[in-house]
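Novice:
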Amino acid sequence: MSASAEVEIVIPADHRVLIVGGAGFIGHHLALALHERGATALVIDDLSVNHLNAHQEMSRPGVNRPLYTAIAQARLDLLADEGIE
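In structure tokens:
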């Protein structure tokens, strides 16, 4: 058995899809994939996980806060660049 399996997403082009938690790693990839296939993706995320104060580890010395911020912002920018709200 293969370690990875390919999944085909079949969504008619005229469908609208709401993605709750779409600012995270999986959600933003899903939103981009749906958009690429012609669906309208709408992302809702309260950033309760994807913000700097959500994890105690972020308050420790040595945590690269600028890098974490840049990664989170890059996800949001990718969605915005594709017109995904």
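Under the numbering used here, the first residue of the sequence shown is numbered 35, with each subsequent residue one higher.
Where is the CB? At the ideal position from N, CA and C, for every residue including glycine.
Counting along the chain, where does the alpha helix (DSSP H) carrying A75 start and finish?
Specialist: Working through the sequence shown from its first residue, we reach residue 75 at position 41. No alpha helix (DSSP H) contains A75, which is instead part of the beta strand (DSSP E) from 74-78.
Novice: Are E116 and L66 closer than 8 Å when you measure CB to CB?
Specialist: Stepping through the sequence shown from its first residue, residue 116 is reached at position 82. Stepping through the sequence shown from its first residue, residue 66 is reached at position 32. Cβ distance < 8 Å, so E116 and L66 count as in contact.
Novice: Quick one: give me the first and last residue of the beta strand (DSSP E) that R50 is part of.
Specialist: As a first step, residue 50 is located in the sequence shown; it is residue number 16 there, counting from the start. Unbroken beta strand (DSSP E) run through R50: 50-54.
Novice: In this structure, how does DSSP classify G61 when only helix, strand and coil are distinguished?
Specialist: The sequence position of residue 61 within the sequence shown is 27, counting from 1. Reduced to three states, the DSSP call for G61 is helix.
Novice: Quick one, which of I53, H62, P46 has its alpha-carbon nearest D111's?
Specialist: Sequence index remark: in the sequence shown, residue 111 carries index 77 (1-based). Taking only the C-alpha atoms, the option nearest D111 is H62.
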